[in-house]
Amino acid sequence: MTETRAQIREFLLGWFGQNLPGNVFFWYDMLVIVWIATFAIALHFIIRGAAKHFLKDTCKNNDTLEGQNLTIKLIQRLARRLSFALQGALVVIQAKLWIAEGVWFLHVVEVVTDQWIILFALLSLFTFLDILQSISDRRETRGHFPLRGLLQTVKLVASILTTILAVSLLMDKSPLILLSGLGALSAVLLLVFKDPILGLVAGIQLSANNMLAVGDWLEMPKYGADGDVVDIALTTVKVRNWDKTITTIPTYALISDSFKNWRGMSEAGGRRIKRSIHVEMSSVCFLSKEQLGELKKAQLLSDYIASTITEIEKENIDKKADMTVIQNGRRMTNVGTFRKYLVSYLKNHPKIHQGMTLIVRQLEPTNFGLPIEIYAFTNTTSWNAYEDIQSDIFDHIIAVLPAFSLRVHESPTGNDIRLLAKH
Numbered sequence: 038m039t040e041t042r043a044q045i046r047e048f049l050l051g052w053f054g055q056n057l058p059g060n061v062f063f064w065y066d067m068l069v070i071v072w073i074a075t076f077a078i079a080l081h082f083i084i085r086g087a088a089k090h091f092l093k094d095t096c097k098n099n100d101t102l103e104g105q106n107l108t109i110k111l112i113q114r115l116a117r118r119l120s121f122a123l124q125g126a127l128v129v130i131q132a133k134l135w136i137a138e139g140v141w142f143l144h145v146v147e148v149v150t151d152q153w154i155i156l157f158a159l160l161s162l163f164t165f166l167d168i169l170q171s172i173s174d175r176r177e178t179r180g181h182f183p184l185r186g187l188l189q190t191v192k193l194v195a196s197i198l199t200t201i202l203a204v205s206l207l208m209d210k211s212p213l214i215l216l217s218g219l220g221a222l223s224a225v226l227l228l229v230f231k232d233p234i235l236g237l238v239a240g241i242q243l244s245a246n247n248m249l250a251v252g253d254w255l256e257m258p259k260y261g262a263d264g265d266v267v268d269i270a271l272t273t274v275k276v277r278n279w280d281k282t283i284t285t286i287p288t289y290a291l292i293s294d295s296f297k298n299w300r301g302m303s304e305a306g307g308r309r310i311k312r313s314i315h316v317e318m319s320s321v322c323f324l325s326k327e328q329l330g331e332l333k334k335a336q337l338l339s340d341y342i343a344s345t346i347t348e349i350e351k352e353n354i355d356k357k358a359d360m361t362v363i364q365n366g367r368r369m370t371n372v373g374t375f376r377k378y379l380v381s382y383l384k385n386h387p388k389i390h391q392g393m394t395l396i397v398r399q400l401e402p403t404n405f406g407l408p409i410e411i412y413a414f415t416n417t418t419s420w421n422a423y424e425d426i427q428s429d430i431f432d433h434i435i436a437v438l439p440a441f442s443l444r445v446h447e448s449p450t451g452n453d454i455r456l457l458a459k460h
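If you use this note's numbering, the sequence shown corresponds to residues 38 to 460, in order.
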């Protein structure tokens with residue numbers, strides 16, 4: 038203590054001895070406690086008031102923005118916790134100023150304030166990391182780096198180091214002594230923190246290989262996950278399924294197991310249609326001149342039929358084919374013409390992406406008929422619009438089949454069997 042503070046202390050001790058009963062040092066310590074507490078409380082309200090005043094205008098302008106309001110609340114919480122940590126530092130400084138060295142009360146104050154400062158410094162770090170996460174969540178375009186998992190790792194490491202520091206201060210030993218003792222516990226620590234370690238490594242690999250990000254459509258049947266990724270944490274990935282349930286997947290499972298990410302579909306701007314219609318094979322036949330004449334009236338087929346008829350007639354004449362025999366020469370079939378019609382129909386469809394693969398093909402015939410498969414992409418990735426477009430296309434296909442003398446294959450139902458039995 039300086040000479041001035043020593044003189045003040047002696048004056049207060051003398052005054053207490055003359056005016057108050059009991060131990061003068063007790064009354065002096067009580068006065069010091071009251072003074073330090075008053076100063077700390079006043080400082081706390083000053084810091085909080087300054088933080089609220091600084092953020093007042095921002096709060097008014099963003100009352101309707103939930104994400105920004107959350108960030109503001111976190112900043113206010115950070116200011117409050119920093120003020121608590123600063124109060125602890127000022128308490129110990131003032132205690133050393135007004136309490137003589139070697140007094141047990143000073144030792145108690147130092148021990149308590151050291152733990153106080155460590156605690157609120159750790160909580161301040163947690164709040165600062167939460168602010169970073171809040172700012173990242175507000176971004177319209179989120180990066181693929183698993184920030185939440187990294188921040189949780191920092192929190193975990195900071196908690197362990199803070200605990201070691203707090204214990205070392207209580208024991209009045211160097212933290213290095215405790216750290217050196219952790220070597221024997223490394224196997225236990227690896228077992229306890231196995232999931233966080235695997236999750237951290239998996240998060241880094243997911244980020245480095247750009248495999249998954251918040252907002253991606255993830256499909257992982259093994260875990261019953263089929264929906265949007267809403268959170269990538271240190272140990273788990275949360276998926277909101279299309280039925281609004283939440284599935285949690287271990288982060289490291291995304292590295293060890295296989296999953297499907299539909300992000301490529303969203304980024305490409307087109308969603309695939311891959312569906313077949315089964316044609317009854319007994320309805321497949323060659324087209325007669327009358328049928329060709331009727332089909333030629335269709336705008337989507339007129340040019341194709343005209344050019345194909347000319348080509349076929351020329352080839353048959355050159356080969357001198359006897360067209361009275363059905364096996365001779367080239368002829369147009371209803372199913373082949375139907376395929377060409379579908380290609381022309383899809384190429385002229387305003388909702389089909391013309392820059393992507395567009396195929397109408399036959400698949401291998403089965404006992405369910407001859408599959409005619411549509412393989413194309415819509416020009417939107419919206420689920421509702423995609424289903425509407427796909428349904429409209431197949432509505433048209435089913436309705437137009439009779440014009441080509443084709444029938445859709447249907448397995449006989451119980452009612453069909455009963456009607457047959459009556460006859």
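By construction, the Cβ of each residue, glycine as well, lies at the ideal position given by its N, Cα and C atoms. Computed from a predicted structure; not experimentally measured.
Checklist entry - Among all the DSSP beta bridges, which residues are the ones paired with ARG309? => result Locating residue 309 in the sequence shown gives position 272, counting from the first residue. Note: ARG309 sits in a beta bridge opposite PHE414.
Item to check | Beta-carbon separation (whole angstroms), PHE414 vs HIS390, contact threshold 8 Å | outcome: Walking along the sequence shown from the start, residue 414 turns up at place 377. Walking along the sequence shown from the start, residue 390 turns up at place 353. Between HIS390 and PHE414 the Cβ distance is about 4 Å, and since that is below 8 Å, they are a contact.
Next on the checklist: According to DSSP, simplified to helix, strand and coil, what is ARG118?
Outcome noted: For the purposes of this step, residue 118 is taken as residue 81 along the sequence shown, with counting starting at 1. Per DSSP, reduced to three states, the secondary structure at ARG118 is helical.
Checklist entry - Under 8 Å between the Cβ atoms of HIS315 and HIS446? => result The residue you call residue 315 lines up with position 278 of the sequence shown. The residue you call residue 446 lines up with position 409 of the sequence shown. Yes.
Item to check | CA nearest to the CA of THR288, picked from SER419, ILE112 and LYS231 | outcome: Sequence index remark: in the sequence shown, residue 288 carries index 251 (1-based). The shortest Cα separation from THR288 among SER419, ILE112 and LYS231 belongs to LYS231.
Checklist entry - So VAL380 is in the alpha helix (DSSP H); what residue range does that whole segment cover? => result Start at 1 with the first residue of the sequence shown, and residue 380 comes out as number 343. Element bounds for VAL380: 371 to 384.
Next on the checklist: With H, G and I counted as helix, E and B as strand and the rest as coil, what does DSSP make of GLU401?
Outcome noted: Here residue 401 corresponds to residue number 364 of the sequence shown, with the count starting at 1. It is coil, neither helix nor strand.
Item to check | N-terminal and C-terminal residue of the alpha helix (DSSP H) that THR347 is part of | outcome: Taking the sequence shown and counting its residues from 1, the one referred to as residue 347 is at position 310. Counted as a single uninterrupted DSSP element, the alpha helix (DSSP H) harbouring THR347 occupies residues 339 to 356.
Checklist entry - Hey, quick one: how far does the beta strand (DSSP E) through GLU256 stretch, first residue to last? => result Walking along the sequence shown from the start, residue 256 turns up at place 219. First-last of the beta strand (DSSP E) with GLU256: 254 to 257.
Next on the checklist: With distance defined between alpha-carbon atoms, name the residue in ARG376, ILE426 and LEU383 nearest to GLY392.
Outcome noted: Translated into positions along the sequence shown, residue 392 becomes position 355. The alpha carbon of GLY392 has as its nearest neighbour, out of ARG376, ILE426 and LEU383, the alpha carbon of LEU383.
Checklist entry - Taking DSSP as the reference, what is the three-state secondary structure of PHE165? => result The residue you call residue 165 lines up with position 128 of the sequence shown. Here PHE165 sits in helix by DSSP.
Item to check | Straight-line Cα distance separating TYR423 from GLY461 | outcome: Absent from the model: residue 461. The displayed extent of the chain is 38 to 460, so no value can be given.
Next on the checklist: Rounded to the nearest angstrom, what separates THR199 and MET208 at their Cα positions?
Outcome noted: Locating residue 199 in the sequence shown gives position 162, counting from the first residue. Locating residue 208 in the sequence shown gives position 171, counting from the first residue. For THR199 and MET208, the distance between alpha carbons rounds to 14 Å.
Next on the checklist: Between which residues of its own chain and ARG117 is the CB-CB distance below 7 Å, once the five residues before and five after are set aside?
Outcome noted: In the sequence shown, residue 117 corresponds to position 80, counting from 1. Cβ neighbours of ARG117 beyond the five flanking positions: ARG85.
Next on the checklist: Checking the sheet assignment: what are the DSSP bridge partners for ASP265?
Outcome noted: Residue 265 sits at position 228 when you count from the first residue of the sequence shown. Per the DSSP secondary-structure output, ASP265 pairs in a beta bridge with TRP254 and ARG277.
Checklist entry - Would ASP100 be called buried (16 or more neighbouring beta carbons within 10 Å of its own) or exposed? => result Your numbering for residue 100 matches position 63 in the sequence shown. Because the pLDDT at ASP100 is just 46, under 50, the model does not fix this residue reliably, and the value given afterwards should be weighed accordingly. With fewer than 16 Cβ atoms within 10 Å of its Cβ, ASP100 is classed as exposed.
Next on the checklist: Rounded to the nearest angstrom, what separates TRP403 and LYS333 at their Cα positions?
Outcome noted: For the purposes of this step, residue 403 is identified with residue 366 of the sequence shown, where counting begins at 1. For the purposes of this step, residue 333 is identified with residue 296 of the sequence shown, where counting begins at 1. Sequence check: residue 403 is Thr here, not Trp. So the alpha carbons of these two residues sit roughly 31 Å apart.
Item to check | Validate contact between the segment 239 to 257 and the segment 160 to 170 using beta carbons, cut 8 Å, 3 pairs | outcome: Contact fails: fewer than three Cβ-Cβ distances are below 8 Å.
Checklist entry - Out of curiosity, what's the CA-to-CA distance linking GLU410 and TYR341? => result On the sequence shown, position 373 is the one that residue 410 refers to. On the sequence shown, position 304 is the one that residue 341 refers to. C-alpha of GLU410 to C-alpha of TYR341: approximately 21 Å in a straight line.
Checklist entry - Roughly how many angstroms separate the alpha carbons of ARG312 and ASP429, rounded to a whole number? => result The residue given as residue 312 occupies position 275 in the sequence shown. The residue given as residue 429 occupies position 392 in the sequence shown. When rounded, the distance between both Cα atoms is 13 Å.
Checklist entry - How about TYR412 and ILE396: are their beta carbons less than 8 Å apart? => result The count along the sequence shown starts at 1 and reaches residue 412 at position 375. The count along the sequence shown starts at 1 and reaches residue 396 at position 359. The Cβ atoms of TYR412 and ILE396 lie closer than 8 Å to each other.
Checklist entry - Using the beta-carbon count (16 or more within 10 Å), is VAL71 buried or exposed? => result Numbered from its first residue, the sequence shown carries residue 71 at position 34. Under a 10 Å Cβ-count criterion, VAL71 is classified as exposed, with fewer than 16 other Cβ atoms of the shown protein chains found around its own Cβ.
Checklist entry - With a Cβ-Cβ cutoff of 8 Å, do THR374 and LEU338 count as a contact? => result By 1-based counting over the sequence shown, the position of residue 374 is 337. By 1-based counting over the sequence shown, the position of residue 338 is 301. Between THR374 and LEU338, the C-beta gap is smaller than 8 Å, which places the two residues in contact.
Checklist entry - VAL204 to PRO233, Cα distance in whole Å? => result Along the sequence shown, read from residue 1 onward, the residue named residue 204 stands at position 167. Along the sequence shown, read from residue 1 onward, the residue named residue 233 stands at position 196. One C-alpha to the other measures close to 24 Å.
Next on the checklist: Could you tell me the alpha carbon to alpha carbon distance between VAL3 and ILE155, rounded to whole angstroms?
Outcome noted: Only positions 38 to 460 of the chain appear in the structure, and residue 3 is not among them; the question remains open.
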